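J.: Below is a structure I'd like to ask you about.
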Amino acid sequence: MAHQHVEVAHGEPFVAADTNASFAENINAATTAATGFALLQNPKVALGFCLVFVFVLERVLRGRRKLPAGVKPLPRLPGLPWAGRFWDVPDTGIESAFHFGALHKKYGPIYEWKVMGTTHAWIETDKVARDLFVRRQRNYCDRNALPAAIGVKEDMEILPLSGYSEDFKRHKNFIHTIMRHSHPKNFYGWPVAENKKTLRRLVETPDRWSEHMITHCARTIASIAWGDAEHGKKLLTIVPDLLKAVSPAGPIINKLTFLQHLPHAISPFKQAESRRKQEMTDAFYEALNDVKDRVNKGTAEECWSMLWLNQEKGVEATKCDFHEAAYAIGSSSFVAIATIGGPLHGFFLAIAHRPEWLGELQEEVDRVCGDRLPAIEDIPNLPKLRATVKEVLRWRQSTPLGVPHEALEDDVYDGYLIKKGTMLHANHFLISREENMYPKPNQFVPERWLDPSYPTYKEPLTEFPNLRGDISFGYGNRSCPGVDLTYFELCTLFGALAWSFDIKAKEGTTPPYYEVN
């Protein structure tokens, strides 16, 4: 069949896109003002900094303790007392993965880095990550507090960032329950229907392909969550501010953590977080109330919100109230934008780097599907398509450094002490490039999942490769519950793109190594 043409141009990474530029400028300006020496002329502020100094001194003295016999401290980067090595923290994203990864050559597969009173441990291998996050998951299932996103850990409103507690387990059970109800018969029609609309947008304005991919993610998950794609517009307005708040490269308070002790009245960070949280609450309440109104009118379609409103089997046992359900559904929705939007951009980048693979993919899709788009029943017969999905997630992670786990108690691993409260980071970028498992690790090689000569090969090819157990979704009891939905959405959209278009790098440009827009 004939294919339309889409050209890939290099620009800013999609995760950095922020339509609230003026808002960001205001925050940066307020940050500069709030941390200047002029503030010390205010007696209340001066007293506040004195209290912070006392707090720091107490933490330094408390951190000095004698280790048990036979137990060693983790290999550690040199730094100042309490403040640690704050001056050497890199930017977030792939630069951080390179930076932290290079240090493993000197310090080994797990090492310690202290920054402003917080102890970080960096993990290089899948073995260490599974030993700690899977085999000892009960001790490494907590999340760290985020200074710029005050209360996110304790409020249980955003599951991936929530601390471990009975409420966390209850909310996680709610998400797992609605995911189990999201079976193909009732829910997977939403992505297929949106695929057709996305293809039409690409035909009309192929130069805006990156924007269309993010719009696709927002509209699809809004349909699944609330039965109305229009709620996706609001998701796209609230996601950037949250990503900024939780990023180490975001507000300076995420690096200078002692600033979190400033009172709300003089803290631009706390004021910005209050506004962000209110905007998110309004958006989630509005969407759930909209579904409630449509249910009462008899016009609602199948969606996650209806499962809660109708108290379907298993949902009622979680005892989630309106606020909890609104946030569980809403936060799962905006997480999906990042987890699916990243691989979609990675697909375009992969094909720009290796255009001949698109021809092989098109041959398979055309042979199996003929004159129609790929459907769920075709997936077992499309191993090259599934290998493409699997390899894109390995080759270009949405979260190269994963999401940190926090140790609930002291632990000894391989003779080394991991202290209570340590933030542990599995470097997904490095783990997905362990050469004994992934030969030619920096190349896009979907064949590694299809060729018996590769260590990643598994049979039968009607089942493998798939995304079950993929590290892109995390480890242990903090892994993402949306694997099946993500797998189906990526398979059908990758297949639809290959069926419909020729994709290549823009004439006269060299595809970027990691980021693409």
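Just remember that my numbering sits 534 ahead of the position in the sequence shown, which is counted from 1. Cβ coordinates follow ideal geometry from the N, Cα and C atoms, glycine included. Owing to the predicted nature of the structure, the values given are computational and were not obtained by experimental measurement.
Under the rule that 16 or more other beta-carbon atoms within 10 Å means buried, what is Trp647, buried or exposed?
T.: buried
J.: Any idea what DSSP makes of Arg610, helix, strand or coil?
T.: The answer is strand: DSSP assigns Arg610 an E or B state.
J.: Could you give the distance in angstroms between the alpha-carbon of Gly1042 and the alpha-carbon of Ala886?
T.: 12 Å
J.: Is it true that the CB of Ile772 sits closer than 8 Å to the CB of Glu813?
T.: yes
J.: DSSP on Lys648, reduced to helix/strand/coil?
T.: Secondary structure of Lys648 (DSSP, three-state): strand.
J.: Using 8 Å as the cut-off, can you tell me whether the region 866–882 makes contact with the region 766–781, which would need three or more C-beta pairs spanning the two stretches below that distance?
T.: yes
J.: Would you say the region 991–1005 touches the region 679–689, given that touching needs at least three Cβ pairs under 8 Å?
T.: no
J.: Note down the Cα distance separating Tyr722 from Phe634, rounded to an integer number of angstroms.
T.: 39 Å
J.: Which class does Val686 belong to by DSSP, given the choice of helix, strand or coil?
T.: helix
J.: So does the region 1015–1030 actually touch the region 900–916, counting three or more Cβ pairs closer than 8 Å?
T.: Taking 8 Å as the limit for Cβ pairs, the verdict is that the region 900–916 does touch the region 1015–1030.
J.: Hey, out of Arg734, Thr1020 and Lys1038, whose CA is closest to Ser716's CA?
T.: Thr1020
J.: Just how far apart, CA to CA, sit His879 and Pro1015?
T.: 22 Å
J.: As a quick exercise: from Pro607, Met650, Ser744 and Arg672, pick the residue whose alpha carbon is nearest that of Phe882.
T.: Ranking the options by Cα distance to Phe882, first place goes to Ser744.
J.: Counting pairs of beta carbons, one from the region 609–618 and one from the region 642–661, are three or more of them closer than 8 Å?
T.: yes
J.: Could you check whether His959 and His654 sit closer than 8 Å to each other, using their CB atoms as the reference points?
T.: Yes.
J.: List the DSSP bridge partners of Ala617.
T.: BP columns for Ala617 are empty, so no partner.
J.: Could you name each continuous alpha helix (DSSP H) segment of 4 residues or more that falls completely within the region 773–856, going from the start of the chain to the end?
T.: Here the runs fully enclosed are 802–831 and 838–843.
J.: Quick one: what does DSSP say Met971 is sitting in, helix, strand or coil?
T.: If DSSP states are grouped into helix, strand and coil, Met971 belongs with coil.
J.: What residue range does the beta strand (DSSP E) around Lys661 cover?
T.: Premise fails: Lys661 lies in the alpha helix (DSSP H), Asp660 to Phe667, not in any beta strand (DSSP E).
J.: Among the residues of its own chain, which have a CB less than 8 Å from the CB of Glu968, if the five just before and after it don't count?
T.: Thr659, Asp660 and Pro975
J.: With a 10 Å radius around its C-beta and 16 neighbouring C-beta atoms as the bar for buried, classify Asn479 as buried or exposed.
T.: The question about residue 479 has no answer here: the residues shown for the chain are numbered 535 through 1051.
J.: Within the region 860–906, note down every full alpha helix (DSSP H) run reaching 4 residues or more, in order along the chain.
T.: 889–903
J.: In angstroms with no decimal places, state the Cα-to-Cα distance between Tyr674 and His746.
T.: 38 Å
J.: Just the C-alpha distance for Leu1001 and Lys924, rounded to the nearest angstrom, thanks.
T.: Their Cα atoms are separated by approximately 7 Å.
J.: Please identify the residue among Ile786, Arg888 and Ala752 whose C-alpha is closest to the C-alpha of Ala1039.
T.: Arg888
J.: Tell whether a beta-carbon distance below 8 Å holds between Ala636 and Asn961.
T.: no
J.: To the nearest angstrom, how far is the alpha carbon of Asp622 from that of Lys789?
T.: 11 Å
J.: For Ser801 and Thr791, what's the separation of their Cα atoms in angstroms?
T.: 12 Å
J.: What is the rounded straight-line gap between the Cα of Arg753 and the Cα of Trp760?
T.: 10 Å
J.: DSSP state of Ala941, grouped into three classes?
T.: coil
J.: State buried or exposed for Glu807, treating a residue as buried only when at least 16 other CB atoms are found within 10 Å of its CB.
T.: buried
J.: Quick one: Cα of Gly784 to Cα of Lys778, how far?
T.: So the two alpha carbons sit approximately 5 Å from each other.
J.: Please say whether Arg677 and Leu695 have beta carbons closer to each other than 8 Å?
T.: yes
J.: Within the continuous beta strand (DSSP E) that includes Asp1036, where are the two ends?
T.: Phe1035 to Ala1039
J.: Would Gly893 be called buried (16 or more neighbouring beta carbons within 10 Å of its own) or exposed?
T.: exposed
J.: Give a yes or no on whether the C-beta atoms belonging to Gln931 and Ser1013 are separated by under 8 Å.
T.: no
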